[in-house]
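Protein chains in written order, with the working numbering: chain X, 50 to 162; chain C, 306 to 416.
Note that CB positions come from ideal geometry on N, CA and C, so glycine has one too.
All figures in this text were calculated on a predicted structure; none of them were measured in a lab.
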């Protein structure tokens, strides 16, 4: 069964520090991998999208990397801010056509002052 | 530009009651989706639509029905609510291979 596993489940960091969130997937091949940010009580919002041929994609202080050989992706957050407190969801679209998007369970990030 | 709007935002139902969740998008997107989000799990697809007048089952369709009579609206119905349907429901829309745009969810409790 295709799966997307994220780690850690939750993470607490101090404001200004960097952090890296991990995503391992078993979907192969795939069309694209996306990272979403979900604030409490809100819907997910897209941060980055990468196709299988891309290794890295940045969006401000957010940088996503992709290793298609090891089926791993990471989301690096630089100089964290209090507003970065949210859930970060890794999403993989299999190359099977139709609508089989697979969502990870997310990493809950808490940024403390 | 409102994006994706879901109504209602909160609802409490008794077991066996019925209700309809409304999703409206103003981006002229062809594709629309209904997901449920439960603690510790990723979003799971309930039903989706690839265009006006079309619907299809997703991963967890049992107990739900949908309709897409107009391109901008996607309705999710619960005919006879069950406690297992207590969840947060998200609607999303998408154009082509672009990221999905999500609404802010409907929090539904079934007693």
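Discussion item. At the level of alpha carbons, what is the spacing between residue 333 of chain C and residue 96 of chain X?
Written reply: One C-alpha to the other measures close to 22 Å.
Discussion item. Can you tell me whether residue 380 of chain C is helix, strand or coil according to DSSP?
Written reply: strand
Worksheet item: Does DSSP classify residue 390 of chain C as helix, strand or coil?
Response: helix
Discussion item. Comparing C-alpha positions only, which one of X:61, X:67, X:98 and X:78 sits nearest to residue 403 of chain C?
Written reply: From the listed residues X:61, X:67, X:98 and X:78, the smallest Cα separation to residue 403 of chain C is found for X:98.
Item to complete: Go to residue 400 of chain C, then tell me how far its beta strand (DSSP E) extends in each direction, as first and last residue.
Response: Boundaries cannot be given for residue 400 of chain C, as no beta strand (DSSP E) includes it and DSSP labels it neither H nor E.
Worksheet item: How about residue 124 of chain X and residue 113 of chain X: are their beta carbons less than 8 Å apart?
Response: yes
Item to complete: With a cut-off of 8 Å on the beta carbons, I'd call residue 153 of chain X and residue 64 of chain X a contact; round off their distance for me.
Response: Contact doesn't hold; Cβ gap of about 25 Å is too wide.
Worksheet item: Which whole-angstrom value is the C-beta distance of residue 156 of chain X and residue 57 of chain X, which I expect to be below 8 Å?
Response: About 6 Å separates the two Cβ atoms, so the contact holds.
Worksheet item: Assuming residue 137 of chain X and residue 115 of chain X make a contact with CB atoms under 8 Å, what is their CB distance in whole Å?
Response: Going by Cβ atoms, the distance from residue 137 of chain X to residue 115 of chain X rounds to 15 Å, so no, they are not a contact pair.
Worksheet item: Under three-state DSSP, which class holds residue 116 of chain X?
Response: In this structure, residue 116 of chain X counts as strand in the three-state DSSP scheme.
Fill in: Closest residue to residue 407 of chain C among C:350, C:345, C:322 and C:323 (Cα-Cα distance)
Considering only alpha carbons, the answer is C:350.
Item to complete: Mind checking the segment 78-95 of chain X against chain C and listing, in chain order, the residues whose C-beta falls within less than 9 Å of any C-beta there?
Response: 80, 81, 83, 85, 87, 90, 91, 92, 93, 94 and 95
Worksheet item: Buried or exposed: where does residue 315 of chain C fall if 16 or more other Cβ atoms within 10 Å of its Cβ makes it buried?
Response: exposed
Practice prompt. Figure out for me which residue from X:149, X:59, X:160 and X:150 has the closest Cα to the Cα of residue 345 of chain C.
Written response: X:59
Worksheet item: Could you give the distance in angstroms between the alpha-carbon of residue 109 of chain X and the alpha-carbon of residue 129 of chain X?
Response: 11 Å
Fill in: Interface residues of the segment 149-160 of chain X facing chain C [CB-CB below 9 Å]
Shown in chain order are the members of the segment 149-160 of chain X whose Cβ falls below 9 Å from a Cβ of chain C: 149, 150, 151, 152, 153, 154 and 155.
Worksheet item: Closer than 7 Å, Cβ to any Cβ of chain X: which residues of the segment 306-322 of chain C, in chain order?
Response: Those would be none; no residue qualifies.
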